[in-house]
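If you're matching positions, the sequence shown starts at 30 in this note's numbering and goes up one per residue. One structure is given below, encoded as C-alpha cells.
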Amino acid sequence: MEAGVTPGVETPVFETDFGRVGLCICFDLNYWEVGSGLCRNHAELVIWPSMWAGGRMLSKCAM
Numbered sequence: 030m031e032a033g034v035t036p037g038v039e040t041p042v043f044e045t046d047f048g049r050v051g052l053c054i055c056f057d058l059n060y061w062e063v064g065s066g067l068c069r070n071h072a073e074l075v076i077w078p079s080m081w082a083g084g085r086m087l088s089k090c091a092m
C-alpha cells in the first residue's frame, strides 16, 4: 500500500512512561476482536481517533 501502510490483524500494546497503550482507528469499533485483543494484551489506555459523531451511526444500525 502507499506510504508504507499495510493492513494487519494484530492488536499490539506499547509500554510507555504513562502506562500500556493500545491503538485502533475509526471503524475498528465494529469488530469485537479489536477490543478483545487490546484487553488480552493488557492495554490500560486506548487511543481511538475517529470522525464518528457520537453514537448516531450505531443507533442507525439498531433501528
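Using N, Cα and C, we set each Cβ at its ideal position, and we do this for glycine too.
For Pro-78 against Ile-54, the beta-carbon gap comes to about 6 Å, under 8 Å, which counts as contact.
Excluding residues up to 5 positions away in sequence, Thr-40, Pro-41, Val-42, Arg-49, Gly-51 lie with their Cβ nearer than 8 Å to the Cβ of Asn-70 in the same chain. Taken through DSSP and simplified to helix, strand or coil, Phe-56 comes out as helix. Counting the other Cβ atoms within 10 Å of the Cβ of Val-63 gives 16 or more, which makes it buried.
Here the alpha carbon of Met-80 sits roughly 12 Å from the alpha carbon of Leu-58.
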